[in-house]
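Chains as they are written, first to last, in the working numbering: chain A, 6 to 271; chain B, 9 to 129.
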């Protein structure tokens, strides 16, 4: 039961961080959370499909289907976050308008659905295999419920913490979280592509395991927060930095547009 | 949603898929020609062999054959690899080039029993 709780908690935590950020930022931009149940539903459907079709998916692309589909989902989510960061910055640089933006809602939907599909797929597979097939349903389900509960508690704390900030502070904090989460997603995509031999495997540039081990609790939290990696390679580092720079550029673009708007109105 | 917003959101993905396919085409023949292969079997939630020896600074193709009926997730923090292999099926994972040392791996769905390591020398 404990191992089930830990396995489920790990997956849930990664999704919870992202979704709470999306909830807090979309609320700070004046939107209601109506996208959330739809995103959850799409995510659950995606997770179910991924788990059920995993065998044929893995066989696609010469046995590399899992990695390629995973990488495409991760990079799509990262791209969505880059655009989202731009929208957050645009909203932060002007007074609250109370207007609903379909772009914000669509991106929240997309990013949350992609995240839940990925994390949920693994959880579903595990629970099905060891609950239903191996007949340990009670132990696995209780572990899964505990793990999910802990993850959701953390999420609640996190969401209300963000909402307690002023509008500006909340938006810029969420922009920062979105930047780091997006970079973490790009990092995961590079592992998938390296694993499939679509990106070159390389010697890592350094090893910070002595400071924080990836398998420690701190390491797992940092991994969920921004994709902490103890032994990054050159390719991973470059793509990670490129992702961060893209988000910074998105914010700079918003600043540029805000300045232009001010100039034309005065 | 304005046309430009929709364009920004979906414009990336087809290009990404094309890029991946081009890289796959380029990397495929080169990789298959020279890469040593090692087979690891999963039986009764255990890895056989539990210790895999590979040469240093070489890319290696691991073929993981899951002979159990339940899925297993081959995972390693040190190798940065993670792959779910459904029951009665196999998966391919590329690792390396690696510096000499020991790199543990485990089956995430059966942590207590499925443990192994890659020894690079």
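The beta-carbon is built from N, C-alpha and C at its ideal position, and this holds for glycine as well.
Chain B contact residues for residue i, given Cβ-Cβ distances below 9 Å
i                      : result
residue 130 of chain A : 79, 81, 92, 94 and 117
residue 53 of chain A  : Residues of chain B passing the Cβ test: none, with the nearest at roughly 15 Å.
residue 196 of chain A : 88, 89 and 90
Residues of its chain near residue i, where Cβ-Cβ distance is below 6 Å and the 5 sequence neighbours each way are ignored
i                      : result
residue 189 of chain A : 231 and 232
residue 44 of chain A  : 114, 117 and 118
residue 117 of chain B : 80 and 81
residue 199 of chain A : 206
C-alpha distance - residue i paired with residue j, whole-angstrom precision
i                      : j                      : result
residue 36 of chain B  : residue 69 of chain B  : Residue placement at residue 36 of chain B cannot be trusted, given a pLDDT of 48 that sits under 50; what the coordinates show is reported in the next sentence. About 12 Å.
residue 261 of chain A : residue 255 of chain A : 10 Å
residue 83 of chain B  : residue 238 of chain A : 18 Å
residue 57 of chain A  : residue 122 of chain A : 12 Å
residue 222 of chain A : residue 100 of chain B : 29 Å
residue 57 of chain B  : residue 124 of chain B : 8 Å
residue 264 of chain A : residue 95 of chain B  : 58 Å
residue 167 of chain A : residue 53 of chain B  : 43 Å
residue 270 of chain A : residue 41 of chain A  : 36 Å
residue 268 of chain A : residue 100 of chain A : 16 Å
residue 182 of chain A : residue 77 of chain A  : 21 Å
residue 76 of chain B  : residue 224 of chain A : 31 Å
residue 51 of chain B  : residue 209 of chain A : 32 Å
residue 39 of chain A  : residue 162 of chain A : 20 Å
residue 130 of chain A : residue 73 of chain A  : 19 Å
residue 38 of chain B  : residue 106 of chain A : Residue confidence is low: residue 38 of chain B scores 47 on pLDDT, short of 50, so the model does not pin down where it sits. No coordinate-derived value is stated.
residue 15 of chain B  : residue 22 of chain B  : Reliability of the predicted coordinates at residue 15 of chain B is poor, the pLDDT of 48 falling under 50, and the value obtained from them is presented with this limitation in mind. Taking the straight line from one Cα to the other gives about 12 Å.
residue 177 of chain A : residue 33 of chain A  : 10 Å
residue 27 of chain B  : residue 218 of chain A : 34 Å
residue 201 of chain A : residue 74 of chain B  : 18 Å
residue 87 of chain B  : residue 196 of chain A : 9 Å
residue 10 of chain A  : residue 91 of chain B  : 20 Å
Residue i and residue j closer than 9 Å at C-beta
i                      : j                      : result
residue 152 of chain A : residue 12 of chain A  : yes
residue 72 of chain B  : residue 110 of chain B : no
residue 128 of chain A : residue 143 of chain A : no
residue 113 of chain B : residue 126 of chain B : yes
residue 52 of chain A  : residue 103 of chain A : no
residue 93 of chain B  : residue 54 of chain A  : no
residue 135 of chain A : residue 121 of chain B : no
residue 120 of chain A : residue 83 of chain A  : no
residue 186 of chain A : residue 47 of chain A  : no
residue 79 of chain A  : residue 191 of chain A : yes
residue 22 of chain A  : residue 257 of chain A : no
residue 6 of chain A   : residue 147 of chain A : yes
residue 204 of chain A : residue 240 of chain A : yes
residue 18 of chain A  : residue 159 of chain A : yes
residue 227 of chain A : residue 194 of chain A : no
residue 36 of chain A  : residue 110 of chain A : yes
Residue(s) in a DSSP beta bridge with residue i
i                      : result
residue 69 of chain B  : B:45 and B:102
residue 232 of chain A : None, per the DSSP bridge assignment.
residue 77 of chain A  : Partner(s): none; residue 77 of chain A has no beta bridge.
residue 74 of chain B  : B:50 and B:97
residue 89 of chain B  : B:84
residue 59 of chain B  : B:125
residue 111 of chain B : B:126
residue 209 of chain A : A:238
Cut-off 7 Å between Cβ atoms - residues of its own chain near residue i, not counting five sequence neighbours on either side
i                      : result
residue 43 of chain B  : 67, 68 and 69
residue 2 of chain A   : Here chain A has residues from 6 to 271 only, and residue 2 of chain A is not among them.
residue 14 of chain A  : 152, 155 and 156
residue 184 of chain A : 90, 249 and 252
residue 97 of chain B  : 74
Per-residue contacts from residue i into chain B (C-beta, under 8 Å)
i                      : result
residue 59 of chain A  : 79, 92 and 94
residue 12 of chain A  : 116 and 117
residue 199 of chain A : 88 and 102
residue 220 of chain A : 85
residue 8 of chain A   : 119 and 120
residue 127 of chain A : 81 and 92
Within chain A, the residues that residue i reaches when beta carbons sit closer than 9 Å
i                     : result
residue 99 of chain B : 63, 68 and 71
residue 54 of chain B : None at all; the shortest Cβ gap to chain A is about 15 Å.
residue 67 of chain B : 202, 205 and 206
Chain B contact residues for residue i, given Cβ-Cβ distances below 7 Å
i                      : result
residue 208 of chain A : 105 and 107
residue 135 of chain A : 78 and 117
residue 80 of chain A  : 24
Close Cβ partners of residue i (< 8 Å) along its chain, the five nearest in sequence each way excluded
i                      : result
residue 64 of chain B  : 105, 106, 107, 108, 128 and 129
residue 108 of chain A : 88 and 92
residue 133 of chain A : 56
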